[in-house]
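Data block below; observations after.
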Amino acid sequence: MITRNSTSSINRRGPPTIRTHLPNKRDNHSEPENSPTPPPSKRSRRMPPSNSMSSPFVSQSQLALLYNFGDASEMIKFLQNEEDSAKRRDLQIQLLEKMLESHNGLADHIEALFNYIQSDNSGDIASIKLVNQELWIKAIAVCNANENRRNRGIKAKKKVLRHWDAEIVEWLIAVNSSAWFMTRIRALANKLSSSDGARCVNRAFLNRLSKAGRGFSAKLELQPDDFSKALALTNFDDVTSQEMKQFGLRIGQFGFLEEGLALVSEDSGIQSKPESDSNNPARANLARANDASSLNQSQAKRDFSGRSREIRETPSPSKTIKPRTNCVCSRELTSNWKSVVTKEAGYEKSINFKLLKIFCNAKYPCYDHSRAMASCLGLRTRGKDRAALIYILHCVYQHRDNIGKLKTDAKTYQMFRVKNRPARPEDGLGPYKFIHTLIPTEFKFDSRFIQKWVGVSDEILKQFTQDGSMNLDIFGWWFKTEIGAIVLKEFDMYNHHLQKQNGIDNHGWLRNMSYSIGQQLMRQDPMYYCTYAASRPDSAWRLVTYPHYAKFAKEGDETYFRHINFNVRELIQRGRGGSMIQGSVSLDDEDESNCTVILAGMHTHIDKWWAKVKERGQERHGLVHCIKENMFTKEDAKEFGIDWKATPCKRGEARITLPQLPHGSDGPTKSTRRTMLPWFVHVQDDLSTLEIIDAGSWEMLSQTHRDMVAPIATPSGLENSYGAIPYKFPAAVEISGLGHLSNALVCARRWDSLAVLHDRDILLLGPREIADEYIKNWRATAVIAAVDAFELMVQREKDVFGERSYFYHLDRLEKENIPFPVLEADVIRMDPDAFEDESGDQRSKPNFAEFWNGDEENTGDEIVVDTPWEMGDDEDDSIGTADQAIDEEEVEVEEGDVVREEDVMEEDDVIEGDEENTMKGDVEMKKEVKVKVKVEEEDVVGEENVIEAEEENAMEGDVEMKKEVKVKVKVEEEDAIEEE
Numbered sequence: 002m003i004t005r006n007s008t009s010s011i012n013r014r015g016p017p018t019i020r021t022h023l024p025n026k027r028d029n030h031s032e033p034e035n036s037p038t039p040p041p042s043k044r045s046r047r048m049p050p051s052n053s054m055s056s057p058f059v060s061q062s063q064l065a066l067l068y069n070f071g072d073a074s075e076m077i078k079f080l081q082n083e084e085d086s087a088k089r090r091d092l093q094i095q096l097l098e099k100m101l102e103s104h105n106g107l108a109d110h111i112e113a114l115f116n117y118i119q120s121d122n123s124g125d126i127a128s129i130k131l132v133n134q135e136l137w138i139k140a141i142a143v144c145n146a147n148e149n150r151r152n153r154g155i156k157a158k159k160k161v162l163r164h165w166d167a168e169i170v171e172w173l174i175a176v177n178s179s180a181w182f183m184t185r186i187r188a189l190a191n192k193l194s195s196s197d198g199a200r201c202v203n204r205a206f207l208n209r210l211s212k213a214g215r216g217f218s219a220k221l222e223l224q225p226d227d228f229s230k231a232l233a234l235t236n237f238d239d240v241t242s243q244e245m246k247q248f249g250l251r252i253g254q255f256g257f258l259e260e261g262l263a264l265v266s267e268d269s270g271i272q273s274k275p276e277s278d279s280n281n282p283a284r285a286n287l288a289r290a291n292d293a294s295s296l297n298q299s300q301a302k303r304d305f306s307g308r309s310r311e312i313r314e315t316p317s318p319s320k321t322i323k324p325r326t327n328c329v330c331s332r333e334l335t336s337n338w339k340s341v342v343t344k345e346a347g348y349e350k351s352i353n354f355k356l357l358k359i360f361c362n363a364k365y366p367c368y369d370h371s372r373a374m375a376s377c378l379g380l381r382t383r384g385k386d387r388a389a390l391i392y393i394l395h396c397v398y399q400h401r402d403n404i405g406k407l408k409t410d411a412k413t414y415q416m417f418r419v420k421n422r423p424a425r426p427e428d429g430l431g432p433y434k435f436i437h438t439l440i441p442t443e444f445k446f447d448s449r450f451i452q453k454w455v456g457v458s459d460e461i462l463k464q465f466t467q468d469g470s471m472n473l474d475i476f477g478w479w480f481k482t483e484i485g486a487i488v489l490k491e492f493d494m495y496n497h498h499l500q501k502q503n504g505i506d507n508h509g510w511l512r513n514m515s516y517s518i519g520q521q522l523m524r525q526d527p528m529y530y531c532t533y534a535a536s537r538p539d540s541a542w543r544l545v546t547y548p549h550y551a552k553f554a555k556e557g558d559e560t561y562f563r564h565i566n567f568n569v570r571e572l573i574q575r576g577r578g579g580s581m582i583q584g585s586v587s588l589d590d591e592d593e594s595n596c597t598v599i600l601a602g603m604h605t606h607i608d609k610w611w612a613k614v615k616e617r618g619q620e621r622h623g624l625v626h627c628i629k630e631n632m633f634t635k636e637d638a639k640e641f642g643i644d645w646k647a648t649p650c651k652r653g654e655a656r657i658t659l660p661q662l663p664h665g666s667d668g669p670t671k672s673t674r675r676t677m678l679p680w681f682v683h684v685q686d687d688l689s690t691l692e693i694i695d696a697g698s699w700e701m702l703s704q705t706h707r708d709m710v711a712p713i714a715t716p717s718g719l720e721n722s723y724g725a726i727p728y729k730f731p732a733a734v735e736i737s738g739l740g741h742l743s744n745a746l747v748c749a750r751r752w753d754s755l756a757v758l759h760d761r762d763i764l765l766l767g768p769r770e771i772a773d774e775y776i777k778n779w780r781a782t783a784v785i786a787a788v789d790a791f792e793l794m795v796q797r798e799k800d801v802f803g804e805r806s807y808f809y810h811l812d813r814l815e816k817e818n819i820p821f822p823v824l825e826a827d828v829i830r831m832d833p834d835a836f837e838d839e840s841g842d843q844r845s846k847p848n849f850a851e852f853w854n855g856d857e858e859n860t861g862d863e864i865v866v867d868t869p870w871e872m873g874d875d876e877d878d879s880i881g882t883a884d885q886a887i888d889e890e891e892v893e894v895e896e897g898d899v900v901r902e903e904d905v906m907e908e909d910d911v912i913e914g915d916e917e918n919t920m921k922g923d924v925e926m927k928k929e930v931k932v933k934v935k936v937e938e939e940d941v942v943g944e945e946n947v948i949e950a951e952e953e954n955a956m957e958g959d960v961e962m963k964k965e966v967k968v969k970v971k972v973e974e975e976d977a978i979e980e981e
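Residues in the sequence shown are numbered from 2 upward in steps of one, following the numbering used here.
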């Protein structure tokens with residue numbers, strides 16, 4: 002017989018290859034050996050009897066025998082064995098006629114027979130067409146319909162492959178290769194992921210079997226109608242093991258029901274569903290992430306744990322499957338998180354990786370939000386199903402510290418969209434004619450050779466190896482030129498313009514000085530650059546500087562603190578920040594009571610010490626750790642043989658310290674101490690990402706240096722809020738033109754500039770005579786630039802500040818002996834409407850933490866999810882929380898800060914009138930405030946009135962802070978103005 006519903010594979014344009022049922026092997030039926038007609042089968046359709054007269058050349062026995070063949074191919078073989086061409090021709094035409102009379106389900110066989118007739122040489126084909134013209138037209142129509150159906154199936158398959166894994170699609174085609182079946186699959190794939198779709202289809206499958214009867218198919222295989230009915234399901238119960246046992250079904254390789262013994266436990270009570278690809282992912286092998294195009298073919302075979310996915314038993318995340326507009330993500334992915342990843346606005350890399358951290362923590366992310374998360378990171382998503390997206394996202398997260406390499410490596414760059422990675426010739430030549438050869442960017446130099454050149458003797462190197470810190474005379478030459486006096490006068494000027502913020506002491510920090518002449522010269526100094534490049538454990542040479550304010554501690558300032566600038570757990574486990582050398586440049590002769598102190602030698606014991614901290618329950622996960630006395634005890638000092646050590650510097654010396662060393666300062670300050678911090682950081686291979694992703698990007702630093710404003714974060718990744726200048730200091734002067742490499746250090750040139758690389762080679766590879774000449778010429782140029790810039794700065798400072806100018810009063814003091822007056826700080830009235838965003842909400846800038854304020858209990862900027870989940874077996878590799886700020890009891894501290902109980906404030910203790918209060922006719926305060934309304938005589942109803950609000954907050958430690966918040970309120974005619 003000829004199988005009725007068997008159709009061609011949509012992968013082919015020609016006639017199908019259909020499963021053959023031989024007459025003597027049919028569904029376990031026994032039949033007489035010479036029986037011309039087999040017993041009927043519910044899966045077969047025999048050719049209908051003909052009402053017309055047969056050809057005299059064709060016997061009835063021959064026709065009856067033809068009806069018994071399993072498919073058209075067997076029929077064609079039988080016809081080819083007929084040697085009489087006339088008989089063969091008539092038999093062909095009669096068979097075609099009989100099949101066309103009732104061709105429903107036989108279209109592919111008709112096409113196969115018709116193609117055979119046209120290729121057979123049993124007669125003149127033109128005359129055959131003329132005699133059987135009507136029959137010929139019908140056959141051509143059937144063939145054209147088959148072609149159109151196959152094209153529709155191919156088109157549907159391509160669309161399904163955009164959402165579902167290729168192996169799942171091929172498996173479904175093996176079940177039913179009809180185009181109609183594939184179009185039904187396409188409709189479901191457009192709405193649900195493959196795993197969610199399987200759950201819906203399985204329920205529709207069982208609903209059909211339970212209603213078996215007239216109008217309902219009882220076939221134990223997937224039907225097109227199962228996919229159609231699955232789309233209409235919203236609320237349903239998962240398939241149980243009892244139901245599968247009742248109908249003799251089981252969950253197949255790809256999550257769909259199939260005929261066979263069920264493979265789930267009878268008491269499980271739930272459907273055995275494909276394992277969530279995000280559950281327990283193995284530590285990603287970078288090689289597996291190299292070729293994004295191969296992921297579609299690899300995901301269906303293995304899950305992330307490496308186990309076979311033939312038997313997958315994980316609980317269903319929900320019994321309600323909805324279309325993509327109502328996703329089925331597990332509860333770790335909150336509505337706030339979803340609103341962030343689905344916004345079209347792009348975020349900084351640090352925010353994207355915080356979003357990714359929460360994504361990797363989720364037990365079940367849906368396809369839509371997996372794709373949205375991938376889009377946030379600039380990953381290619383087209384043609385990738387949920388499993389492939391999750392796999393790629395986990396690979397990116399596990400290699401997030403080397404994201405720059407992923408974007409440039411020949412094996413992995415294709416994971417990213419062109420606009421989110423460096424362009425390559427493969428992306429298109431444009432007007433270029435030829436493809437160029439990519440020059441390897443790997444560069445090596447002799448670190449010890451450079452260390453000796455900058456003054457690191459064997460004795461100093463031994464000290465550096467043992468203690469983790471050393472002092473070098475890098476800037477002593479300043480004080481032999483005009484630069485030394487210029488730098489010290491700048492400190493005095495900026496100190497003249499410094500005020501306390503919110504009534505809180507600055508603890509010796511000169512927070513308003515980030516772009517002084519001295520700081521710019523320090524950041525661009527080639528000798529200092531070589532010192533850092535040679536001292537870094539990774540010998541990274543592609544360095545840029547991070548703008549940071551200076552220290553100006555005076556006698557009596559509370560400057561005691563102890564801290565470490567990195568997250569210790571991540572420093573130990575991932576090496577995060579492990580090569581970021583820290584240090585400072587001293588402008589005074591220090592002594593042991595007035596200098597930086599370090600925990601010398603801790604870099605060789607930090608992992609063991611932190612293990613003891615964990616045992617004592619003192620572990621914290623902030624980006625900066627305050628080191629309290631109970632964290633490093635006398636017992637720890639005795640066990641490790643290390644202790645706090647003073648490292649006094651002479652004027653012009655630079656301290657070079659490994660990042661693993663906790664450091665701090667004693668206090669109160671006994672004499673004046675001025676230092677500047679360089680913060681050299683490494684730029685990754687993509688020339689954009691910094692070594693600490695949370696710290697920003699090269700583009701951010703380039704704009705920051707250009708505009709002379711504060712960066713968005715500190716080098717450790719903390720949000721730069723308390724120490725950030727709101728705008729460029731009006732008297733600041735840019736220092737430029739010192740050299741190509743100097744430009745690269747302040748992000749004025751990229752590190753792939755040939756001129757920059759030429760300077761690098763001179764300093765790190767060339768003969769020392771040439772390098773010495775380079776340094777000599779650079780310093781001569783720097784002196785001239787400093788003198789010229791200082792003259793401009795002095796004049797501009799006088800012009801813009803007038804009688805409040807530092808140099809104005811300095812001239813009066815030097816010329817007329819008039820002492821500096823005590824000047825009160827100016828008070829401005831801020832307009833809260835100026836801080837609103839496009840939506841009308843008041844904010845100073847986009848804040849990642851704003852999106853986490855409803856579904857979780859948060860502390861400051863910390864994002865806490867309900868169910869911590871760990872990648873791999875290492876307990877310390879947990880990614881259960883998105884730590885992005887310092888701990889609750891910690892405050893932002895810098896070198897020299899005093900950490901006292903009264904200085905530790907909750908975020909809500911300071912209410913900014915321009916950000917926290919929404920003015921909509923009334924002034925709403927979150928705390929009790931005393932509001933005094935001044936109504937001036939000249940005020941007109943409808944104009945802007947000034948409301949002065951004084952807020953008194955009681956702080957810990959009997960420290961009271963008073964803050965004036967001045968806002969403008971538009972008072973409409975009907976508003977009543979009351980005085981309290």
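Every residue gets a Cβ at the ideal spot worked out from N, C-alpha and C, and that includes glycine. Everything numeric in this text was worked out from a predicted model, so none of it was measured.
- In the DSSP annotation of this structure, the continuous segment of the beta strand (DSSP E) that includes Val586 starts and ends at Gln583 to Ser587.
- In the structure shown, Asn236 falls within a strand segment according to DSSP collapsed to helix, strand and coil.
- Between Ser587 and the set Phe681, Ile771, Trp479 and Ala424, the nearest pair of CA atoms involves Trp479.
- Counting only unbroken stretches of 3 or more residues, the beta strand (DSSP E) elements lying wholly within the region 447-526 are 470-474, in sequence order.
- By the Cβ rule, the region 329-339 does not count as touching the region 162-169, because fewer than three pairs are nearer than 8 angstroms.
- Boundaries of the beta strand (DSSP E) harbouring His564: Phe562 to Ile565, taken from the DSSP string.
- Nearest to Asn513 by C-alpha distance, out of Pro731, Gly557 and Ile771, is Pro731.
- Proximity to Ile657 across Val684, Thr466, Lys385 and Ile643 peaks at Thr466, based on C-alpha coordinates.
- Annotation for Glu774: the continuous alpha helix (DSSP H) segment containing it runs Arg769 to Phe802.
- Secondary structure note for Ala113: its alpha helix (DSSP H) is the uninterrupted segment Ala108 to Ser120.
- The residues Arg575, Gly576, Arg577, Glu692 and Ile694, in chain order, have a CB closer than 8 angstroms to that of Asp402 in the same chain once the five nearest residues on each side in sequence are set aside.
- For Ser580, there is no enclosing alpha helix (DSSP H), as DSSP gives it neither H nor E.
- Contact annotation: the region 516-530 touches the region 732-742, with at least three C-beta pairs closer than 8 angstroms.
- A direct Cα-to-Cα measurement between Phe354 and Tyr398 gives close to 7 angstroms.
- The residue from Leu107, Ala87, Asp121 and Glu98 with its alpha-carbon nearest to that of Ile77 is Asp121.
- Lys671 has its alpha-carbon roughly 28 angstroms from the corresponding atom of Gln464.
- Counting the other Cβ atoms within 10 Å of the Cβ of Gly803 gives fewer than 16, which makes it exposed.
- The alpha-carbon of Asp753 is positioned some 59 angstroms away from that of Ala146.
- By the C-beta criterion, the region 695-702 is judged not to be in contact with the region 447-466, since fewer than 3 inter-stretch pairs fall below 8 angstroms.
- Residue Lys555 holds the alpha-carbon nearest to the alpha-carbon of Thr676 among Tyr368, Ala749 and Lys555.
- Taking each of His683, Phe562 and Thr438 in turn and checking the Cα distance to Leu600, the smallest one comes out for Phe562.
- Contact annotation: Arg617 and Asn595 have beta-carbon atoms that are not nearer than 9 angstroms.
- If you draw a 10 Å sphere on the C-beta of Thr409, you find 16 or more other C-beta atoms in it, and that means buried.
- Between the region 199-206 and the region 426-439, the count of C-beta pairs closer than 8 angstroms stays below three; the two stretches do not touch.
- Under the three-state reduction of DSSP output, Trp165 falls in the coil class, being neither helix nor strand.
- The Cβ neighbour count for Glu148, taken over all protein chains shown within 10 Å, is under 16; the residue is labelled exposed.
- The beta carbon of Pro366 sits closer than 7 angstroms to those of Ser279, Cys330, Leu334, Phe360 and Ile391, all from its chain and outside the five residues before and after it, given in chain order.
- Sequence-distant partners of Asn568 (beyond 5 residues in either direction) whose C-beta falls short of 6 angstroms from its own C-beta, in its chain, are Leu624.
- For the options Ala749, Lys615, Pro660 and Ala783, the alpha carbon positioned closest to that of Gly602 is the one of Pro660.
- Distance from Arg751 to Leu688 at the Cβ level is roughly 6 angstroms; contact confirmed, criterion being Cβ atoms closer than 8 angstroms.
- Excluding its 5 nearest sequence neighbours in each direction, Asp227 has C-beta neighbours in its own chain below 6 angstroms: Val202, Ala205 and Phe206, listed in chain order.
- DSSP places Ser666 in the strand class (E or B) of the three-state scheme.
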